[in-house]
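K.L.:
Start counting the sequence shown at -15; every next residue gets the next number (the working numbering).
We treat Cβ as the ideally placed atom computed from N, Cα and C, and that holds for glycine.
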Amino acid sequence: MIKKSLIIFLASFCHFIFSQSKTATYYAEKGRDLVKQKQYAEAIKNYDKAISINPNSSVVFHHRGASKANLKDYKGAIADYSASIKLNPNDFEVFYNRGVAEYYSKDIQNAWNDFSKSIEMNADFAQSYLFRGYCNGDLKKYEEALHDFDKALTLDPNNADGYINRAIVNINVGNNIEAMEDADKSVVLNPQDIRGYNIRGQAKALLKKYKDAIDDFTIVINKDPKHIQAISNRMSLELELHDTEGACKDYLRMKKLGEKNTYMETYCN
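1) With C-beta atoms as the reference, is L130 less than 9 Å away from A110?
2) So, helix, strand or coil for C(-2), using DSSP?
3) Assuming A12 contacts Y24 (C-beta within less than 8 Å), just tell me the rounded distance between them.
4) Shortest alpha-carbon distance to N156 belongs to which of E127, V19 and I215?
5) Tell me the DSSP secondary structure of E222 in three-state form.
6) So G180 packs on V171, CB below 8 Å; how close in whole Å?
7) L236 and Y194 - do their beta-carbons sit closer together than 9 Å?
8) Answer with buried or exposed for G15, where buried requires no fewer than 16 other C-beta atoms within 10 angstroms of its C-beta.
9) Would N142 be called buried (16 or more neighbouring beta carbons within 10 Å of its own) or exposed?
10) By the 10 Å Cβ neighbour count, where 16 or more other Cβ atoms means buried, how is E86 classified, buried or exposed?
11) Which of helix, strand or coil does DSSP assign to S89?
12) DSSP three-state call for D108: helix, strand or coil?
13) Going by C-alpha to C-alpha distance, which of L71, G83, N74 and F115 sits closest to I62?
14) Determine the extent of the alpha helix (DSSP H) in which S170 is found, giving its start and end residues.
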């Protein structure tokens, strides 16, 4: 009789454990389904329930962190990624994701550390090099940034962002021809991104290709009529080419956007 009761108790206990585990999995899977629908706040609620049942799943912390990052809760995302890493320090992707959250939180040095760790664990993931390149650019380590962008583009030669950012760094170090060529590639790969035209225009201006540069700045302005930098750059080149009418029209655009220039006030009156 005692043995039978014990068997029933053990069976009930095992069923309880199984039910608890199943419930945690249920909420985790429901969270992932909601992420696919971009319902990140609801996904987080389900991940919360999964973690309350099973606080030892590195994957669930990782996924909850990603949902928080999608809502721009970078502090919360970093905390979840850190919890995931504590439970499983062998997933390069969590280091990468924490680095991204740190980068957008302006914590550049810690982001650089996490991207470096991600690269150490997986040397073939282009995005880690790309973001470490951003960090190096922000830290004004331009040669290191160029090296990272080179590697990222070797691994992923169709990454328009890589070409745009390498173009920016090339301008900073005076490689204007290389900057123009990189901007060309970014425009081909993503013609809707006005940054490529703007950077290409800057590179052409530095190479004294003023008319071609004006064409690029005009594309930017047509796509974004409030792009002050492009208007100002075009105005400067029009002055260089003695196009008084064009320069003054652009200065009028700038004034309407709240930008004034003492020299241009005199020049255009």
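P.N.:
Well, looking at it:
1) Within the sequence shown, residue 130 is the residue found at index 146, counting from 1. Within the sequence shown, residue 110 is the residue found at index 126, counting from 1. With respect to A110, L130 sits apart: the two C-beta atoms are not nearer than 9 Å.
2) The residue labelled residue -2 in the question sits at position 14 within the sequence shown. Residue placement at C(-2) is poorly supported in this model, since its pLDDT is 42, which falls under 50; the coordinates are not used for a value here.
3) In the sequence shown, residue 12 corresponds to position 28, counting from 1. In the sequence shown, residue 24 corresponds to position 40, counting from 1. Contact doesn't hold; Cβ gap of about 15 Å is too wide.
4) For this step, residue 156 is matched to residue 172 along the sequence shown. Measuring from the Cα of N156, the nearest candidate turns out to be E127.
5) Translated into the one-based positions of the sequence shown, residue 222 becomes position 238. In the structure shown, E222 sits in a helix (DSSP, three-state: H, G or I).
6) In the sequence shown, counting from the first residue as 1, residue 180 sits at position 196. In the sequence shown, counting from the first residue as 1, residue 171 sits at position 187. Cβ-Cβ separation between G180 and V171: approximately 4 Å, consistent with a contact (criterion under 8 Å).
7) For the purposes of this step, residue 194 is identified with residue 210 of the sequence shown, where counting begins at 1. For the purposes of this step, residue 236 is identified with residue 252 of the sequence shown, where counting begins at 1. With respect to L236, Y194 sits apart: the two C-beta atoms are not nearer than 9 Å.
8) Here residue 15 refers to the residue found at position 31 when the sequence shown is read from its first residue. Buried is the call here.
9) Counting from one through the sequence shown, the residue named residue 142 turns up at place 158. Exposed is the call here.
10) Numbered from its first residue, the sequence shown carries residue 86 at position 102. E86 is classed as buried because its beta carbon has at least 16 other beta carbons within 10 Å across all chains shown.
11) In the sequence shown, the residue the question calls residue 89 occupies position 105. Residue state, collapsed to three classes: coil.
12) To locate residue 108, count along the sequence shown from 1; it is residue 124. D108: coil per DSSP, three-state reduction.
13) The count along the sequence shown starts at 1 and reaches residue 62 at position 78. Closest option to I62, Cα to Cα, is G83.
14) Your numbering for residue 170 matches position 186 in the sequence shown. Where S170 is concerned, the enclosing alpha helix (DSSP H) stretches over N160 to L173.
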